[in-house]
Amino acid sequence: MTDTLDRKTVSDLDQARSDFRDQLVAAGLLVPSSLDGLYGRSGEFEDIIDLIDERVKAAGRAAHGNKLQRFRFPPVFPRDAFEKTDYIASFPNLTGAINTFSGDNKAHAELLAARSEGQDWDHWLESAGTMLVSAACHPAYSMLTGALPAEGTMLDVYGYCFRHEPAVDPARMQAFRMHEFVQVGTPDQAVEHRESWIDRGQTVLTELGLDSSPVIANDPFFGRAGRMLAANQRNENLKTELVVRLYGDLDEGTAVVSCNCHRDHFGHTFDIETADGSEAHSACVGFGMERIALAMLRTHGLDTSRWPGALRLS
């Protein structure tokens, strides 16, 4: 009976996600493509993103003032920097690499001949030496190599990310945006940053009319060794997600904000030191912009003209 109930719950949840996606497309808020999880956004959807970002930026300014250093990076970055993040070791299934054609006329003719016959032509492409960004903060660490000031470094980073996890659930997009506040410095500075943003993040979500809950969580590490990493992450309380229930009691909530402590991982791999020569620690809080927008649409309705006055789009 329990297994049957569980299967029914999963089926109902899948249907709820599919229905929500169809409603968003029908309302013109998302533009579907031939791939699950890959969408265009309407101007109205972007207005919602801008509304959210104003609240996120205001919270960052109130918390950190002129300590914040603002950076925006493209959604691709060098492979050597990607290697130092060690993302491929933990999330190979989510990774995206960029390949391009670098052959001569003969190779191009062979590619076109294979393509015209419906054959695979990908093997004529080679690595471009670039990778798709998986977390908005990843491109920032390579510029911090060396010694940090005594107060550490506080970054405001915002950009598109890619993770290869195609899904019907509109909250699980392959391309999405994260707005992050990143502290790099001493262990105490990193821990304090993560802890302080749990409450601060909830305040931002409350201002947006969302009911969220903090949940101790772990990343979806890959493979057998990944299960141990996930258990350690939870046991050591390194990751807290703020979740919003998009589908009532059908699921345990969708993470819309993530507060993470990386310890000395990036300090070690990118050779970043504190003022006293120790390996730097880091922590980040990431606001999932599309997920927050979807949570608002799910909570307040698809007709934004009927949203609460303080959240009306201008």
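The numbers in our numbering rise by one with no breaks, and the one at position 237 of the sequence shown is 242.
Here a beta-carbon is modelled for each residue, glycine too, at the ideal position from N, C-alpha and C.
Source: prediction; values computed, not measured.
Which residue wins for smallest C-alpha separation from residue i, given the options the options?
i: Thr185; options: Arg77, Leu56 and Asp308; result: It is Glu, not Thr, that sits at residue 185 in the sequence shown. Taking only the C-alpha atoms, the option nearest Glu185 is Arg77.
i: Ile53; options: Pro175, Gly314, Leu302 and Asn110; result: Leu302
i: Arg199; options: Val290, Gly65 and Val209; result: Val290
i: Asp317; options: Ser283, Ala155 and Leu213; result: The sequence shown places Arg at residue 317, not Asp. Of the listed residues, the one whose Cα sits closest to Arg317 is Leu213.
i: Gly282; options: Lys244, Pro192, Thr211 and Ala315; result: Pro192
From residue i to residue j, what does the alpha carbon distance come to, in whole angstroms?
i: Phe96; j: His267; result: 16 Å
i: Ala300; j: Ala288; result: 25 Å
i: Asp8; j: Asp254; result: Because Asp8 carries a pLDDT of 47, less than 50, the predicted location of this residue cannot be relied on, and the following value inherits that uncertainty. If I take the Cα positions, the gap works out to 17 Å.
i: Ser107; j: Met148; result: 29 Å
i: Thr304; j: Ser217; result: 12 Å
i: Ile57; j: Met294; result: 7 Å
i: Ala21; j: Gly42; result: 15 Å
i: His169; j: Met178; result: 9 Å
i: Arg60; j: Gly164; result: 16 Å
i: Ala64; j: Met136; result: 31 Å
i: Val187; j: Ala118; result: 49 Å
i: Gly157; j: Arg250; result: 36 Å
For a test of the three-state rule: what should DSSP assign to residue i, helix, strand or coil?
i: Ala195; result: helix
i: Asn242; result: coil
i: Leu251; result: coil
i: Ala102; result: strand
i: Pro225; result: coil
i: Gln28; result: helix
i: Val15; result: helix
i: Gly65; result: helix
i: Leu210; result: helix
i: Arg77; result: coil
i: His286; result: strand
Under 9 Å between the Cβ atoms of residue i and residue j?
i: Pro79; j: Val30; result: no
i: Arg182; j: Ala145; result: no
i: Asn104; j: Ala133; result: yes
i: Val220; j: Val248; result: yes
i: Phe292; j: Val209; result: yes
Would you please state the rounded distance, in angstroms, between the beta carbons of residue i and residue j? I believe it to be under 8 Å.
i: Gly101; j: Phe50; result: Gly101 to Phe50, Cβ: 23 Å. No contact.
i: Ala285; j: Gly272; result: 3 Å
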